[in-house]
């Protein structure tokens, strides 16, 4: 009986490994869409976003997502509604950062402007560095 259970698990693992499913196709299209947006100048490159986050906070970046939030409103880093004249790309970089103290910060940055628009989690003040934040170079 135990052999049958082990055999079933091995077949299940093999099936999952050999047949990856539709999520990978979505990942490829999302990747292509993000690349096209960077090439058109609609959003900043991930490298710039990571540089900015690492210049503001101490810790390790453990996850990055590029989310399409559409034209929904959001709050800026001061906690007030973003300026109504501020054009939003609809893309938000969502970053999870593990601080040296072991806290998890969840950051949201506007993918078009690299503006830090939201920080959630405990220990932000202890993780924050006191140095100049890099600005995005304006294109001529």
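Residue numbers (the numbering used here): 1 to 140. A virtual CB, placed ideally from N, CA and C, is assigned to each residue, including glycine. As the structure is a prediction and not an experimental result, all values here were calculated from the model.
Which residues bound the alpha helix (DSSP H) around residue 53? Residue 53 -> alpha helix (DSSP H) spans 46-56.
Taking only the alpha-carbon atoms, compute the straight-line gap between residue 103 and residue 126 and give it to the nearest angstrom. Spanning the alpha carbons of residue 103 and residue 126 requires a straight line of approximately 10 Å.
By the DSSP assignment, the alpha helix (DSSP H) with residue 108 in it spans what residues? Element bounds for residue 108: not the alpha helix (DSSP H) but the beta strand (DSSP E), 104-110.
Residues near residue 121 by beta carbon distance below 7 Å, same chain, minus five either side: Only 103, 104, 105 and 106 meet the Cβ criterion.
Hey, would you say residue 44 sits closer than 8 Å to residue 97, going by beta carbons? It is not a contact, given that the beta carbons lie outside the stated cut-off.
Three-state class that DSSP yields for residue 129 in the structure shown: DSSP places residue 129 in coil when its eight states are reduced to three.
If we ignore side chains and look at the alpha-carbon of each, how far apart do residue 128 and residue 57 end up? As the crow flies, the alpha-carbon of residue 128 is around 4 Å from that of residue 57.
Go ahead and pull the three-state DSSP assignment for residue 68. Here DSSP, grouped into helix, strand and coil, assigns residue 68 to strand.
How long is the line joining the alpha carbons of residue 118 and residue 111, rounded to whole angstroms? Taking the Cα positions, residue 118 is about 13 Å away from residue 111.
Looking only at DSSP bridge pairs, what is residue 118 linked to? The partner list for residue 118 (beta bridge, DSSP) reads 108.
Apart from the five residues on each side of it in sequence, which residues of its chain come closer than 6 Å, Cβ to Cβ, to residue 64? Excluding residues up to 5 positions away in sequence, 95 lie with their Cβ nearer than 6 Å to the Cβ of residue 64 in the same chain.
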